[in-house]
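A.B. asks: Before I ask anything, here is the structure I am working with.
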Amino acid sequence: SRQRRNENPKAASATSPYNLSEYFKQFVFPQNECELHNFRLSFSQLKWDKWIIAPHRYSPQYCQGDCPRAMGHRYGSPVHTMVQNLISEQLDPSVPRPSCVPAEYSPLSVLTIEPDGSIVYKEYEDMIATKCTCR
Amino acid sequence: PHSRGPGGLEKAPGFLEAPEDVASELNPVLRLPKGARRGYALLPPLLKVLSERGARSWHSEVPRLQPDSRALRFMKRLYKMSATREGIPKAHKGLLYNTVRLFTPCSERRHRHRDLVKGDIHSVDLLFNVDRVTALEHLLKSVLLYSFDTSVPTSSSITFICHLSIKEHDFSSQVCPSISHSLAFSLHFGVRKRKWVEIDVTSFLQPLIAANRRNIHMAVNFTCLMGDAQRSTKLENPVNVTLVPPSLLLYLNDTSEQAYHGWNLLRNGRKSPVRARQRNSPLVDPAGDKGKGNSQGKRA
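Protein sequences, first through last, are from chains A and B. Once you know that position 60 of the first sequence is 79 in the working numbering, the rest is easy, because the numbers rise by one and skip nothing. Once you know that position 193 of the second sequence is 198 in the working numbering, the rest is easy, because the numbers rise by one and skip nothing.
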């Protein structure tokens, strides 16, 4: 490699230890990869605790992070997601890259006071994100 | 939200349901086309809050009648039985309800007369307004909820034999009741002073709810005799039970999109959310379930 470096100093700079890390960076998964993040709120913060009696706290969670280029089975992403990624990178940068969004939810039971003073217990679908995906 | 109007439109339930006028106040940009609002009862109020830049508590402007404290205590106990502390529905045993509505009578007229044979007869005319029940909420069970505060000493175990007769009553024209329904039940007071008694009136109420009746008038006659289960079988004189007018409890199955149909999951073999959440435990195979929890550890 020393001889090659002497012969072709330009190429050598691309493979110097410093640039090696730059070179490999394109294959490493993004640091802030798409994943589920905790978020907890209490209805008293929204001043809704006068009519939402229970639960006192609610953790809807949320998804945030970059989607890696090679999605594959890791996120259960359809092939379309990789196609969209290629379009965005190679054909038209105005097409957005895939987004990190919830893929599964769990329900929430709520006890509230209705405007007429009656009380209702209700179970709502899809109120807590439990899994993320790239789409 | 749709209101149940003459066109038969259904009122979509929603714990953030806004009074009808809120939906009309929404910024036209935020207002969804009529068709799209079905099953999205949560949207109008949420959009209104978001369109006011920050979760200003618009609800504090909406006057809400305060519920009866006893009713509130009962519903909090029902919530604890039906959901975890985080609010995740438990897989119900028995009844497959995803909605329970409690109505306190909006008017009542009491009468009390002594019958030589039956003893004290408490009769009360009750009017329940069940306008909040939507056409998508199907009645599974309905009960009259009595809370008994007795001054009777709680040392001895006492048995009450009560007779209840209910008649659907039309206050306006005082016609004779079209449906009458009587049932006897026994109450057994053990240690606790307060006793909730649920008296099943499903067969009485089913036709009224199915006919979209908004106001339900009931004439309820209640006679209670007291006997001591151990000693005498003959019932002594009627006891002086303080009878608080009952609440009307409806166990419903809400078939709208945003309601949770847990029993569907059970039927399809998927776990109920309470157990499903344990699936997220660290023992789960990290590679297979991407997108859950912190990926640093998994990737490493």
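The C-beta atom is built at its ideal place from N, Cα and C for all residues, glycine as well. Keep in mind the model is a prediction, meaning the values are calculated, not measured.
Label S252 of chain B either buried or exposed according to how many other C-beta atoms from any shown protein chain fall within 10 Å of its C-beta, with 16 as the threshold for buried.
C.D. replies: For the purposes of this step, residue 252 of chain B is identified with residue 247 of the second sequence, where counting begins at 1. Classification of S252 of chain B: buried, given that the 10 Å Cβ count is 16 or more.
A.B. asks: Should S160 of chain B go down as buried or exposed, given a rule of 16 or more other Cβ atoms within 10 Å for buried?
C.D. replies: The sequence position of residue 160 of chain B within the second sequence is 155, counting from 1. For S160 of chain B, the predicted model reports a pLDDT of 49, less than 50, meaning its position is unreliable; a value from the coordinates is still stated below. Result: exposed.
A.B. asks: Could you give the uninterrupted runs of the alpha helix (DSSP H) lying entirely in the stretch 84-115 of chain A, keeping only those of 4 residues or more?
C.D. replies: Runs of the alpha helix (DSSP H) inside the stretch 84-115 of chain A: 98-105.
A.B. asks: In whole angstroms, what is the alpha-carbon distance linking Q138 of chain A and V98 of chain A?
C.D. replies: For the purposes of this step, residue 138 of chain A is taken as the residue at position 119 of the first sequence. For the purposes of this step, residue 98 of chain A is taken as the residue at position 79 of the first sequence. At residue 138 of chain A the sequence reads Ile, which differs from the Gln that was named. About 47 Å.
A.B. asks: Quick one: does L77 of chain B have its CB under 9 Å from some CB of chain A?
C.D. replies: Sequence index remark: in the second sequence, residue 77 of chain B carries index 72 (1-based). By this cut-off, L77 of chain B is an interface position.
A.B. asks: How about L211 of chain B: is its C-beta nearer than 9 Å to some C-beta of chain A?
C.D. replies: Locating residue 211 of chain B in the second sequence gives position 206, counting from the first residue. The sequence given here has Gln at residue 211 of chain B, not Leu. No, Q211 of chain B does not count as interfacial toward chain A.
A.B. asks: Could you tell me how far apart the beta carbons of F79 of chain B and I221 of chain B are, in whole angstroms, since I believe they sit closer than 8 Å?
C.D. replies: Numbered from its first residue, the second sequence carries residue 79 of chain B at position 74. Numbered from its first residue, the second sequence carries residue 221 of chain B at position 216. Wrong, their Cβ atoms sit about 19 Å apart, outside the cutoff.
A.B. asks: Can you list, in chain order, the residues of its chain with a C-beta nearer than 6 Å to that of L130 of chain A? Leave out the 5 residues immediately preceding and following it.
C.D. replies: Along the first sequence, one-based indexing puts residue 130 of chain A at 111. Correct list, in chain order: I72, A73, Y140.
A.B. asks: Using a Cβ-Cβ cutoff of 8 Å, what residues of the stretch 55-76 of chain A are near chain B? List them in chain order.
C.D. replies: Cβ contacts with chain B: L55, Q64, L65, K66, W67, K69, W70, I71, I72, A73, P74, R76.
A.B. asks: Output yes if chain B places a C-beta closer than 9 Å to the C-beta of S118 of chain A; else output no.
C.D. replies: Translated into the one-based positions of the first sequence, residue 118 of chain A becomes position 99. No, S118 of chain A lies away from the interface with chain B (no Cβ there is under 9 Å from its Cβ).
A.B. asks: If you measure between the beta carbons of Y94 of chain A and C86 of chain A, is that distance less than 9 Å?
C.D. replies: As a working mapping, residue 94 of chain A is identified with position 75 in the first sequence. As a working mapping, residue 86 of chain A is identified with position 67 in the first sequence. In contact: Y94 of chain A and C86 of chain A (Cβ atoms closer than 9 Å).
A.B. asks: In the DSSP output, which residue or residues are listed as bridge partners for W70 of chain A?
C.D. replies: Position 51 of the first sequence, counted from the first residue, corresponds to residue 70 of chain A. In the DSSP output, where bridge partners are listed per residue, W70 of chain A has none listed.
A.B. asks: Classify H75 of chain A: buried if its beta carbon has 16 or more other beta carbons within 10 angstroms, exposed otherwise.
C.D. replies: Indexing the first sequence from 1 puts residue 75 of chain A at position 56. H75 of chain A should be labelled exposed.
A.B. asks: In the DSSP assignment, find the alpha helix (DSSP H) that holds A2 of chain B and state where it starts and stops.
C.D. replies: Residue 2 of chain B lies beyond the stretch modelled for chain B, which goes from 6 to 305, so this question has no answer here.
A.B. asks: Along the stretch 131-142 of chain A, where does the CB come closer than 8 Å to a CB of chain B? Name the residues.
C.D. replies: Residues T131, I132, E133, P134, D135, G136, S137, I138, V139, Y140, K141, E142.
A.B. asks: On a Cα-Cα basis, can you pick out the residue from A:V114, A:I132, A:M146 that is closest to Q263 of chain B?
C.D. replies: Taking the first residue of the second sequence as 1, we reach residue 263 of chain B at position 258. For the residues A:V114, A:I132, A:M146, the minimum Cα distance to Q263 of chain B belongs to A:M146.
A.B. asks: Just to confirm the assignment, what range does the beta strand (DSSP E) spanning S252 of chain B have?
C.D. replies: On the second sequence, position 247 is the one that residue 252 of chain B refers to. Element bounds for S252 of chain B: 252-259.
A.B. asks: Exposed or buried, which one is E26 of chain A when buried takes at least 16 other CB atoms within 10 Å?
C.D. replies: As a position in the first sequence, residue 26 of chain A is number 7, starting the count at 1. E26 of chain A should be labelled exposed.
A.B. asks: Return the CA-CA distance between R59 of chain A and E144 of chain A, expressed in angstroms with no decimal places.
C.D. replies: As a first step, residue 59 of chain A is located in the first sequence; it is residue number 40 there, counting from the start. As a first step, residue 144 of chain A is located in the first sequence; it is residue number 125 there, counting from the start. Taking the straight line joining both Cα atoms gives about 18 Å.
A.B. asks: Give me the Cα-Cα distance between A281 of chain B and H127 of chain B, rounded to the nearest whole angstrom.
C.D. replies: The residue labelled residue 281 of chain B in the question sits at position 276 within the second sequence. The residue labelled residue 127 of chain B in the question sits at position 122 within the second sequence. With a pLDDT of 40 at A281 of chain B, under the threshold of 50, the predicted position of this residue should be treated as unreliable, and no value is reported.
A.B. asks: Residues of chain B with CB closer than 8 Å to the CB of P126 of chain A, please, in chain order.
C.D. replies: One-based indexing of the first sequence puts residue 126 of chain A at position 107. Those are I93, P94, Y265, G267, P278, listed as they occur along chain B.
A.B. asks: Kindly give me the distance between the Cβ atoms of V225 of chain B and V129 of chain B, rounded to whole angstroms, as I take these residues to be in contact under 8 Å.
C.D. replies: The count along the second sequence starts at 1 and reaches residue 225 of chain B at position 220. The count along the second sequence starts at 1 and reaches residue 129 of chain B at position 124. Contact holds; Cβ gap of about 5 Å.
A.B. asks: Is S137 of chain A helix, strand or coil when you go by DSSP?
C.D. replies: Position 118 of the first sequence, counted from the first residue, corresponds to residue 137 of chain A. Note: S137 of chain A maps to coil in three-state DSSP.
A.B. asks: For a contact meaning CB atoms closer than 7 Å, what does V98 of chain A contact in chain B?
C.D. replies: Working through the first sequence from its first residue, we reach residue 98 of chain A at position 79. Simply none; closest approach about 16 Å.
A.B. asks: Can you have a look at Q103 of chain A and say buried or exposed, based on whether 16 or more other CB atoms are within 10 angstroms of its CB?
C.D. replies: Reading the first sequence from its first residue, position 84 is the one you call residue 103 of chain A. Buried, because 16 or more other Cβ atoms sit within 10 Å of the Cβ of Q103 of chain A.
A.B. asks: Let me check understanding here. Comparing Cα to Cα, which of A:P126, A:P134, A:D135 lies closest to T149 of chain A?
C.D. replies: To locate residue 149 of chain A, count along the first sequence from 1; it is residue 130. Selected option, being the one with the closest Cα: A:P126.
A.B. asks: Using CA atoms only, rank isn't needed, just tell me which of A:S40, A:S63, A:L105 is closest to P117 of chain A.
C.D. replies: On the first sequence, residue 117 of chain A is found 98 positions in, with the first residue counted as 1. Selected option, being the one with the closest Cα: A:L105.
A.B. asks: From the beta carbon of D85 of chain A, is the nearest beta carbon of chain B less than 9 Å away?
C.D. replies: On the first sequence, residue 85 of chain A is found 66 positions in, with the first residue counted as 1. Chain B, which has no Cβ nearer than 9 Å to the Cβ of D85 of chain A, makes this no.
A.B. asks: For S74 of chain B, count the other beta carbons within 10 Å of its own beta carbon; 16 or more makes it buried, fewer makes it exposed. Which is it?
C.D. replies: Counting from 1 along the second sequence, the entry for residue 74 of chain B is found at position 69. It counts as exposed.
A.B. asks: Less than 7 Å between C-beta atoms, sequence neighbours within five positions excluded: which residues of the same chain meet that for E133 of chain A?
C.D. replies: The sequence position of residue 133 of chain A within the first sequence is 114, counting from 1. Taken in chain order, the residues that qualify are V139.
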